[in-house]
Amino acid sequence: MTNGEKPQTIRLIDSSQASAARMYDWLLGGTENYEVDRAACRELLKIAPSTQQLARNNRAFLRRVVRFLAAEKKITQFLDHGSGLPTQENVHQVAQGINPNAKVVYVDNDPMVLAHARTHLDDNENTLVIDYDMRRTNDIRNATSRFLDWAKPIAALFVSVLHCLPDADDENDPAALIRNVSAQLAPGSYVVICQLISDDPEVRDGVTRLMDSATGGNWGRVRQPYEVARYFETLEIEDPPGLVDVIDWLPDSPPPPPHMRPTDWVEWGGVGRVCR
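Counting in the working numbering, the sequence shown runs from 581 upward without gaps.
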């Protein structure tokens, strides 16, 4: 446990089914994955060959957006939903590299993610790791109430995780999740959202079927740009750069020209400000 986190049920790591977090780890060149994850990735690459590059682009976007929020917007509190397995330059490393007092909460319910995060972060008093489904917004707020100051701006991160959530007719819907979190945040807070999108129905349907089967139903849907844009309806979009392929979001170097970009799918989204 970290920083007073309440004891929760210990779940065993299931190595018989692929995990989106472990697949992402493999795509980034990590070693915290099993053959079932690697096999699923190989099948995924057959449908969407640019997947590995997209994973790297997404990780670079995460670093840039945290750096932007910490340095330009002076945000000192970060709530990272679906944080995934630790890799180089995590949110706390980027944010605390700018402000050593920045606080970061990692929210995940993947047993391997939690085990590794706690091992790596146990000696960092400005980080907190909590075991929750990201849709349990009230529980997450309660669990972080003594660690984060909810009366002050917080950056809520939903980076490459909403495609893991299925559509729903209740508060479990991804759009409802964003509305609920945004409503809890203080004015001046930010919400970072990107998810996998495709204009090709064969890619959308093929990836969705593959991932749903490989992960035992722990998957949502590859969506279209207009669907992701709806997540920002209650937010003031940071524009420029607006809602874009993440490779175009305040890039550190010139992005590739159109003829060198993936045509199968991309990570798409941006940053919204809570301004009520």
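Each residue gets a CB set at the ideal place from its N, CA and C atoms; glycine is no exception.
None of the values given here were measured: they were computed from a predicted structure.
DSSP assignment within the stretch 765-805 yields the following whole beta strand (DSSP E) runs of 3 residues or more, N-terminal first: 770-777.
D605 is the residue among D605, V645, D832 whose C-alpha sits nearest the C-alpha of M692.
Rounded to whole angstroms, the gap between the alpha carbons of A620 and T631 is 12 Å.
By the CB criterion at 7 Å, I710 and V687 fall inside the cutoff.
For Y604, no beta strand (DSSP E) segment is defined; the enclosing uninterrupted segment is the alpha helix (DSSP H) at 600-607.
Looking at the DSSP output, K654 bridges to nothing. Looking at the DSSP output, D660 shares a beta bridge with Y686, L737. Beta-bridge annotation (DSSP): V824 is paired with G849. For D753, the secondary structure class from DSSP, reduced to helix, strand or coil, is coil.
Taking a 10 Å sphere around the C-beta of S833, we find fewer than 16 other C-beta atoms and assign the residue as exposed.
The continuous beta strand (DSSP E) containing L708 extends over residues 707-711. Between the alpha carbons of A635 and L608 lies a gap of roughly 6 Å. Excluding five sequence positions before and after R759, the CB atoms of its chain that fall closer than 7 Å to its own CB belong to T814, given in chain order. In the DSSP secondary-structure assignment, E816 is bridged to R853. An exposed status is given to T699, since fewer than 16 other beta-carbon atoms sit within 10 Å of its beta-carbon. Here DSSP, grouped into helix, strand and coil, assigns T843 to coil. Residue burial is scored here from C-beta neighbours: A723 has at least 16 other C-beta atoms within 10 angstroms and is therefore classed as buried. DSSP, reduced to helix, strand and coil, places D729 outside both helices and strands of the structure shown, so it counts as coil. Proximity to Q657 across A736, N637, F641, N689 peaks at A736, based on C-alpha coordinates. DSSP, reduced to helix, strand and coil, places N613 outside both helices and strands of the structure shown, so it counts as coil.
For H672, the uninterrupted alpha helix (DSSP H) segment begins and ends at 671-678. Between the alpha carbons of A601 and C855 lies a gap of roughly 32 Å. Residue range 717-724 is occupied by the alpha helix (DSSP H) that includes D719.
Look at Q632 here: in three-state DSSP terms it is helix. Here L830 carries a coil assignment [DSSP, helix/strand/coil].
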